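Participant: My questions all concern the structure below.
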């Protein structure tokens with residue numbers, strides 16, 4: 039995780055949790071002068087638009103005071119949804135058995151994209167089975183990971 043992302047996570051997670059929500063994760067996508075800050079929130083009862091608005095107002099206030107992002111950016115507050123992104127080893131461990139799609143920052147064994155069954159977590163590695171082969175992917179090399187929703 040980049041230091042900017044770590045800084046934003048450390049700043050925003052306590053704000054989200056103080057409002058009674060779980061801070062599922064934070065994404066910061068720098069797009070030149072117009073960046074995107076996306077904060078995912080979760081709750082046992084689910085997330086409604088009112089929840090997103092409430093968190094957005096509070097997070098906006100903190101961002102205005104702390105000013106951790108230079109330049110223009112858009113703030114989005116969202117539920118993780120059915121194709122929820124996975125950010126932490128704990129989140130990966132909680133979804134063992136699920137179908138996942140993982141993109142790495144740089145190629146591993148000649149590939150960056152992996153789609154298969156999440157088999158578990160071993161120390162700092164995520165174990166994913168693609169066809170008949172298991173891959174141990176270091177968490178720090180994962181750029182993006184999502185659950186693939188199942189409609190069985």
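Numbering (the numbering used here), first residue to last: 39 to 190.
Ideal Cβ placement from N, Cα and C applies to all residues, glycine included.
A quick note: this is a predicted structure, and the numbers were derived from the prediction, not measured.
Give a yes or no on whether the C-beta atoms belonging to residue 138 and residue 158 are separated by under 7 Å.
Facilitator: Not in contact: residue 138 and residue 158 (Cβ atoms no closer than 7 Å).
Participant: Using three-state DSSP, classify residue 148 as helix, strand or coil.
Facilitator: The answer is coil: DSSP assigns residue 148 none of H, G, I, E or B.
Participant: Which value, in whole angstroms, describes the spacing of the CA atoms of residue 178 and residue 47?
Facilitator: In a straight line, the C-alpha of residue 178 is about 16 Å away from that of residue 47.
Participant: State the Cα-Cα distance for the pair residue 184 and residue 168, rounded to the nearest angstrom.
Facilitator: Rounded to whole angstroms, residue 184 to residue 168 spans 15 Å at the Cα level.
Participant: Helix, strand or coil for residue 85, going by three-state DSSP, please let me know.
Facilitator: It is coil, neither helix nor strand.
Participant: State the DSSP-derived secondary structure class of residue 57, mapped to helix, strand or coil.
Facilitator: In the structure shown, residue 57 sits in coil (DSSP, three-state: anything other than H, G, I, E or B).
Participant: Would residue 71 and residue 109 be called neighbours here (beta carbons separated by less than 7 Å)?
Facilitator: For residue 71 and residue 109, yes; Cβs fall inside 7 Å.
Participant: What residues in its chain sit with their C-beta under 8 Å from that of residue 160, if we drop five residues either side in the sequence?
Facilitator: Cβ neighbours of residue 160 beyond the five flanking positions: 174.
Participant: Taking its Cβ as the centre, do 16 or more other Cβ atoms sit within 10 Å of residue 118, making it buried, or is it exposed?
Facilitator: Under this definition residue 118 is a buried residue.
Participant: When burial is assigned at 16 or more other CB atoms within 10 Å of the CB, is residue 103 buried or exposed?
Facilitator: It counts as exposed.
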